[in-house]
Structures are given as C-alpha cells and as structure tokens.
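1 is the number of the first residue of the sequence shown in full-length UniProt numbering; add one for each residue after it.
Built from N, CA and C at the ideal position, the CB exists for glycine as well.
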Amino acid sequence: MQFDMNRTWSQALALVRRNFQLLALIAGVFMLLPSVLFYVAFPEILTMMSVTADPDAVEGQMLAMMPQLPIAGLAALLLQMVGYMAMVALIGNGRPTVGQSIVRGIKGLPALLGAVLLFAVGYLAATLIFGLVVGLVAALFGMASESAAAGLGAIMSSVLIVIIFYVMVRFCLTLPAIVLERLGPVAALRRSWRLTKPRAGAIFAFFALLFVAYMVISLLLFIVFGAFGFVAGSQPAGGTALVLGLLSGVVGALTAVLLCGILVSIHGQLASGAEPRELEFDV
C-alpha cells in the first residue's frame with residue numbers, strides 16, 4: 001500500500017479532466033439543480049445573509065421556514081449522496097455507463113446512510129464522554145484557578161477537533177469501499193480504517209492542506225454571497241435567489257467532482273494500485 005500526495009493530486013486532476021463532461025452531467029443533476037431549487041424555494045435566506053438584517057426578523061423567518069426547510073434539506077442531502085456515489089462509480093474501475101453509475105449510486109444509498117448513521121452515533125457518544133471528562137478536569141482545575149481551567153478547556157477543545165478530523169480522515173474511503181467494492185456499512189467503515197492505517201499521517205496532512213485551501217476559498221465566496229444578500233434587500237428576491245443558487249451550486253458541484261477524483265485516486269493507491277480508466281459516454 002502506497003500513498004503519494006503529488007500522485008494523488010495529479011491523478012485526481014487527470015481523472016476530472018478526462019471525464020469532465022460526464023462528471024459535469026451528474027454533478028449538474030445531483031448538486032447544481034438541488035442548490036438552485038433550494039435558493040429559489042427559500043429566497044428568505046438571501047435577506048438572512050445580509051449584514052443589515054434585523055435579528056428578530058431573521059428569527060421569525062427561520063421559524064416560518066422550519067416546517068419545509070428540514071424536508072428540503074434532507075431531499076437535497078439524499079440527492080447529493082447519490083451524486084457522489086455515481087461520480088465515484090463513473091471514474092472508478094469497471095467502465096460503467098452514466099446510467100449504470102447512477103443506478104449504483106441509488107443502490108449504494110442505504111449502505112452509505114447506514115455508515116453515516118453509525119459514524120454519527122459513535123461521534124456523539126465519543127463527544128459526550130470527552131465533554132464529561134473535560135468538564136470534570138476543568139472543574140477540578142477551576143477550584144485552583146479560573147484562568148487555568150479556561151486554558152485547559154481551550155487546549156482540550158483543540159485536541160478534540162484534531163481527533164475528530166483524524167477519525168474522519170481514517171473513514172474517508174468508506175464511500176469508495178461501498179461503491180467500488182460493494183461493501184455494507186460496517187464492512188466499508190472497517191475497510192477504510194484498515195486501508196488508511198499504514199499512511200494515516202500522510203493522508204491527514206494531505207487533507208489538512210486541502211481543508212486550509214478550502215476554508216480560504218470559502219471565506220472569499222462567503223464575502224461574495226454576503227454581497228448578494230445585501231443587494232437582495234433592494235432587489236427582487238427571485239432573480240437574486242436564482243443567481244445565488246447558481247453560484248453556490250457551481251461551487252458545490254466543482255468541489256464534489258474534485259473530491260470524488262481524490263477519493264478514487266487514494267482508494268486506487270491503497271487498495272490495489274490500479275489506475276482508473278478513461279470512460280466512454282454511453283448512457
């Protein structure tokens with residue numbers, strides 16, 4: 001099992017370039033379209049993003065959207081999960097057609113939901129236990145010094161964030177394991193943990209670099225989207241919502257496409273070293 005950062009990045013870009021039209025088709029349906037529909041269906045989000053928005057008005061708008069917002073969010077999430085799995089299937093080994101890739105994404109949805117649920121339960125349990133330990137230790141230190149307790153709490157919180165990120169990295173190949181190896185949720189989680197074990201540090205560093213770059217880009221985009229939210233206060237909501245939905249959807253789709261290329265590349269290196277093959281457009 002080998003992992004090379006440069007090879008992972010270059011291979012991911014090559015996969016995306018060779019199959020961009022096919023990936024764009026899937027990403028457009030499962031990533032871009034839900035984003036556009038979401039912003040058009042809930043144009044109030046634009047005014048909520050404005051820096052001049054009234055907090056009381058924002059709270060009222062949130063309460064008004066609550067009956068529909070969770071349902072719309074869940075539907076968008078399920079579509080995105082299918083889209084991710086379809087793109088992984090498309091650029092993985094086996095030369096599936098676009099239609100076959102989408103079918104594999106739909107069939108893999110229960111396994112992915114199961115894996116996400118297991119991870120969420122484990123995450124909540126671990127966070128609860130860790131929080132209780134931190135609270136107990138901080139309380140003991142607080143008896144001696146409040147500043148020491150505050151400092152310890154900050155350190156322990158930082159450690160928790162690093163641990164969570166590390167665990168997420170160890171499970172990053174769960175999706176390729178479900179799609180490309182046809183594994184169930186428990187087996188896929190175990191497979192990802194086992195594959196990433198020999199090169200966990202290098203993979204952690206690789207995703208940490210990607211995360212920093214992503215946060216910088218996200219900050220810039222947040223400023224742009226915030227500007228749209230400010231303009232929305234004096235412009236018709238429908239047109240602005242459509243533009244913002246398109247911008248958000250395009251960014252999300254491009255991010256998803258690149259992430260799928262990265263996951264397939266890492267999985268190929270650690271699982272078998274096989275090079276994903278170029279695909280043909282045959283729906």
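Segment limits, alpha helix (DSSP H) that includes residue i
i: residue 190; result: 185-196
i: residue 79; result: 69-91
i: residue 105; result: 98-107
i: residue 66; result: It is not in any alpha helix (DSSP H) - residue 66 carries neither H nor E in the DSSP assignment.
i: residue 293; result: There is simply no residue 293 to check, as the chain begins at 1 and stops at 283 in what is shown.
Where residue i falls, given that 16 or more other Cβ within 10 Å makes a residue buried
i: residue 71; result: exposed
i: residue 267; result: buried
i: residue 169; result: buried
i: residue 293; result: Because the chain here runs from 1 to 283, residue 293 falls outside it and cannot be looked at.
i: residue 191; result: buried
i: residue 129; result: exposed
Cβ separation of residue i and residue j, assumed to be a contact under 8 Å, to the nearest whole Å
i: residue 178; j: residue 115; result: 7 Å
i: residue 92; j: residue 180; result: 5 Å
i: residue 174; j: residue 154; result: Not quite, the Cβ-Cβ distance comes to about 31 Å (not below 8 Å), so this is no contact.
i: residue 182; j: residue 3; result: So it is not a contact: roughly 23 Å between Cβ atoms.
Cβ neighbours of residue i in the same chain (closer than 6 Å, five flanking residues each side left out)
i: residue 253; result: 27, 31, 32
Three-state secondary structure assigned by DSSP to residue i
i: residue 172; result: coil
i: residue 275; result: Because the pLDDT of residue 275 is 45, which lies under 50, any placement of that residue in the model is unreliable, and the number read from its coordinates should be weighed accordingly. If DSSP states are grouped into helix, strand and coil, residue 275 belongs with coil.
i: residue 269; result: helix
i: residue 2; result: coil
i: residue 263; result: helix
i: residue 38; result: helix
i: residue 123; result: helix
i: residue 94; result: coil
i: residue 110; result: helix
Contact with chain C by residue i, beta-carbon distance below 8 Å
i: residue 250; result: No chain C is part of this structure, which consists of one protein chain only.
Same chain, Cβ closer than 8 Å to residue i, neighbours up to 5 away in sequence not counted
i: residue 109; result: 78, 81, 82, 85
i: residue 250; result: 32
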